[in-house]
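Just so you know, the sequence shown maps onto residues 1 to 188 in the numbering used here.
Think of the CB as a built atom: it goes at the ideal place given N, C-alpha and C, for glycine as much as any other residue.
It should be emphasised that the depicted structure is a prediction, and the values quoted were computed from it without experimental measurement.
Notes for the one structure printed next.
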Amino acid sequence: MGFLILTILLLAFALLAVIDGFYLHIFKYQLFNHKESKFEHLTHTIRAILFPLIVYFLFITQNCPTSFYLGVLFVVTDIVVLGTDAYLEKDSRIFMGGLPRWEYILHLFVNGFHFASIAVFFAIKLTFTENGIEVIQTLSHLKNFGLFQFIALNLLPGAIILALLHIYTSINITKEYWNNLRSKITCC
Numbered sequence: 001m002g003f004l005i006l007t008i009l010l011l012a013f014a015l016l017a018v019i020d021g022f023y024l025h026i027f028k029y030q031l032f033n034h035k036e037s038k039f040e041h042l043t044h045t046i047r048a049i050l051f052p053l054i055v056y057f058l059f060i061t062q063n064c065p066t067s068f069y070l071g072v073l074f075v076v077t078d079i080v081v082l083g084t085d086a087y088l089e090k091d092s093r094i095f096m097g098g099l100p101r102w103e104y105i106l107h108l109f110v111n112g113f114h115f116a117s118i119a120v121f122f123a124i125k126l127t128f129t130e131n132g133i134e135v136i137q138t139l140s141h142l143k144n145f146g147l148f149q150f151i152a153l154n155l156l157p158g159a160i161i162l163a164l165l166h167i168y169t170s171i172n173i174t175k176e177y178w179n180n181l182r183s184k185i186t187c188c
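Laid out in structure tokens, this is it:
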């Protein structure tokens, strides 16, 4: 049951992250083009890079303690970057009159699903014994693990593309190319 819940949370996060991270931040508001939101775009870029690393090292790679601990390190880094982003977000959206309330709510759901999926994974992966906390190395015997692995593996390419797009819009030369492409789209 845990992997089914984890799969649903991960899919909900991925869907909302595309709406928030791509459509709103890159496509609609073009945060990378505004002086006030350059640092916010940097924090989003770092988080966009961290997500596929978390998926790979925490969720996909099994039977390797080093991968698990790397995944945990990426999660902790993600939390620090998220805190920094949230603290500075109010100032970075001055150009648009502040962060819209509905986008703030979207951020709550996106991050809620993201960290809930990680918490559920930890609940499955860790067990408490009389000797302390034990990391369960192999989870493949558990129900719905195959579905979860399939979804996680298939989210990776899109997550990597979104991370590369964040990097792409951070570099002046490629940002201008994106701006030229974006200017040709008159809807949305």
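Our two residues, VAL110 and LEU16, have alpha carbons roughly 6 Å apart in a direct line. Boundaries around ILE133 are those of the beta strand (DSSP E), 132-135, since no alpha helix (DSSP H) includes it. Secondary structure note for LEU6: its alpha helix (DSSP H) is the uninterrupted segment 2-17.
Taking GLU103 as the centre and dropping the five residues before and after it, the same chain places the C-beta of LEU24 closer than 7 Å to its C-beta, in chain order.
By the Cβ neighbour-count rule, PRO52 is buried, with 16 or more other Cβ atoms within 10 Å of its own.
Residue pairing from DSSP places PHE128 in a beta bridge opposite ILE133. In this structure, ASN144 lies away from PHE57, with their beta-carbon atoms at least 7 Å apart. Taken in chain order, the complete alpha helix (DSSP H) segments of 4 residues or longer contained in the segment 90-169 are 101-125 and 145-168.
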